[in-house]
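Note that the numbering used here has the sequence shown beginning at 403, numbered continuously upward.
Using N, Cα and C, we set each Cβ at its ideal position, and we do this for glycine too.
Okay, structure first, notes after.
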Amino acid sequence: MCGIIAYVGPDAALPKLIEGLRRLEYRGYDSAGVALIADDDLWIRKDTGRVAALAAQVEGGPTAQTGIAHTRWATHGGISLDNAHPHVDAKSRIAVVHNGIVENMTALVGMLKEEGVTFTSETDTEVIPHLVRRHYDGDPVAAVREALQHVRGTFGVAVAFADHPELLVAARNGSPLVIGVGDGENIIASDPQAVVAHTRQVVYMQDGEMAVITADSVKVQKLTTGVKIQSEVATIEGDYGPAEMEGYPHFMLKEIFEQPRSIRRCLRGRIQLREGNAKLGGLNMDPRDIVATNRVINLGCGTSYHAGMAGAMAVEALARIPARAEIASEFRYRHPIVPRDAMFFAISQSGETADTLGAIHEVQTKGGQVMGCVNVVGSTIARTCGRGVYVHSGPEIAVASTKAFTSQVSALLVFTLMLARTRNLSLQQGREMAAELEAMPDKVARYLENPGPIDEAVAAVTDARYVLFLGRGYSYPVALEGALKLKEIAYIPCEAYPSGEMKHGPIAMLDEGAPVIAVTPQDSQREKAISNMKEVEARGARLIVIHTEGDEEMEALADVSIPVPAVADYASPLITVLPLQLLAYKAGLALERDIDKPRNLAKSVTVE
Ligand code: AGP
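Structure below.
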């Protein structure tokens, strides 16, 4: 994970590096640090707090024009000043910021220690400046190249040399790096959004490449051989720059309440009411290609995986072709079969998730087709897939994903409509589905205007030893999503189970008053869900029930009853997830958690 930014140009580097770190903080916020080349020396400052703390510490710092900076998500070594980047060589003349993992760290540390090197941190990164020093004879480029030949694993690195304030060296293998090409200044960063304030022209570095940047030049070469590479300069589209809180106390709350707008943005121009159909131009498929699709496989992690589950259920139910969702990190390593007639969707808010990217590569290596279902325009996943659907949620800043989930599900439902119309869905059924999708932003808004007794539910979970979420069919991914939210924001132990599976084990966890959250809208699974709730009730558990408005039987069963507007089965995740998002938010608030930046997490998970 971690975010890297580096600057060389005519201006003071420090303010630009700090501004870049703010934009990169979503990648990790365990510590932050900066190194400038000032008066032919390295000037280094670090802080174990957030970027804001580092910014306060370095205010009034040197006006040096070359520097590197880093915001960390700890992998090797705890959160401490020693482990914060930049890391330096023994003479403190070479500084490195790194995103990725040095997998052969143990061997390299052993080798360097035998050669007399003393380590000052527990990080894997520290081997890199020592290796660069080992190969440095005045040529910074050759030293970085030779040093990195020893490294196994993933890296995006930027290296600064006190002897060479005129240049920076960058290299990439498996961790994203872009170079912002400015007018008399150049910037290296982990993602394009960190450079947009300065330039929209970027070179996307590829794995196995290395770059030497000065204020006036960007020279890319092959990492192993030094052979020159003619890189394309691309233009960044869209800006996911610092979003405003718009008066809300947290981004998470703002993003929850933004969902009527974000879903509408996702649907705009894609639903064809009269034809009872939909159009997703970015897929670049004609009806014949769509008909040739006989299987859909959604890949994703965390919330994006849950959206993929809901989407796969809709495809199978409505288009009547086999569909499933796969956890990307599991999929990529089990030598999966990639059927020729399958369409894969890589679902990702950030478009940078390493596991999802790895799964895409696995499919592509085996000749499969992967479409992106991504929020961040121009992100690595969007570019790697080449085709797909942008979900247009707008910037999602809170670590807990909320509006991205509903936009991802919406986009997958639009795709389902398109696919189903080439097969099972009649014109009339297509029109009904198109109308239902169009109506969703208003239904979501209506629920959010009157969200029901969420505070009662919060009171039931904040002191709980264990919370069980239950759901069947489309409500199972919603239950999983609700449990994920409560864990990551409120740190309350909980799990989600398919309602019918509860009696095969988890029911043993229930005792008098244990909170059970049942997601049970009025759908085809409702009768069965009622039986499961009776089983829970019989064990004295406290039932918090999310059900369709006017469902009196559910209301009577519930200790806390949370009604939501009636919607079609396939659209229910868009509505039933809302109270669970609010529950997690309010529980986190009651427990005084760091809502937008919960402990141990990062917005974008760029390591395996
Ligand atoms: C969601 O609240 C989480 N922060 C996390 O599970 C997230 O959905 C996951 O890391 C995938 O991220 P992506 O959508 O950016 O690929």
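Shown here for Y987: same chain residues with a beta carbon closer than 7 Å to its own, the five before and five after excluded, namely M654, L655, I658, I891, I997 in chain order.
Fully contained in the stretch 791-859 are the following alpha helix (DSSP H) runs of length 4 or more, in chain order: 805-823, 829-851.
Look at Q771 here: in three-state DSSP terms it is strand. Per DSSP, D691 is one residue of the alpha helix (DSSP H) stretching across 689-693. Beta-bridge analysis with DSSP links R941 to no other residue. Shortest gap from the CB of T1008 to any heavy atom of the ligand AGP: 7 Å or more. In this structure the stretch 743-757 lies against the stretch 774-788, because at least three pairs of beta carbons, one per stretch, are closer than 8 Å.
The DSSP-derived three-state label of F521 is coil. Secondary structure note for L438: it is in no alpha helix (DSSP H), and the uninterrupted beta strand (DSSP E) holding it is 433-440. Excluding residues up to 5 positions away in sequence, L438, A440, W445 lie with their Cβ nearer than 6 Å to the Cβ of P464 in the same chain.
Only exposed fits L829, as fewer than 16 other CB atoms lie within 10 angstroms of its CB. L985 places its beta carbon less than 8 Å from that of I856. Taking C-alpha positions only, V698 is separated from A822 by approximately 12 Å. Closest in alpha carbon position to R944, among A859, A931, G430, is A859.
For N696, same chain residues with a beta-carbon under 6 Å away, outside a window of 5 residues either side, are I723, D743 in chain order. Going by beta carbons, P417 and E587 fall outside the 8 Å limit. Spatial neighbours of K624 in its own chain (CB-CB distance under 7 Å, excluding positions within 5 residues in sequence) are listed in chain order as G610, E611, I631. If you keep only unbroken beta strand (DSSP E) runs of at least 3 residues inside the stretch 664-749, you get 697-702, 725-729. Contact annotation, Y876 with S974: C-beta distance approximately 5 Å; criterion of less than 8 Å satisfied. The DSSP-derived three-state label of R535 is helix. The three-state secondary structure of C896, taken from DSSP, is strand. Around A549, the same chain offers L533, V534, H537 as residues with beta carbons nearer than 6 Å, after the five sequence neighbours per side are excluded. Taking C-beta atoms as the reference points, P578 and G558 count as a pair closer than 8 Å. Nearest to V504 by alpha-carbon distance, out of R447, A492, E528, is E528.
The C-alpha of I739 lies about 43 Å from the C-alpha of E939. By the Cβ rule, the stretch 806-819 counts as touching the stretch 707-719, because three or more pairs are nearer than 8 Å. The way I'd put it, the stretch 860-871 doesn't touch the stretch 682-689; fewer than three beta-carbon pairs between them come closer than 8 Å. For G702, the CB falls within less than 7 Å of some heavy atom of the ligand AGP. Per DSSP, the unbroken beta strand (DSSP E) holding V571 starts and ends at 570-575. With a cutoff of 7 Å, V801 counts as near the ligand AGP, since its C-beta is closer than that to a heavy atom of the ligand. A direct Cα-to-Cα measurement between E914 and L882 gives close to 23 Å. Counting every other CB atom within 10 Å of its CB across the protein chains shown gives Q551 a total below 16, marking it as exposed.
Here the C-alpha atom of T522 lies approximately 37 Å from the C-alpha atom of L993. Using a cutoff of 7 Å, the CB of A989 does not count as near the ligand AGP, since none of the ligand's heavy atoms is closer than that.
Relative to E764, the option among R734, A756, I783, S752 whose CA is nearest is R734.
Secondary structure note for M612: its beta strand (DSSP E) is the uninterrupted segment 611-615.
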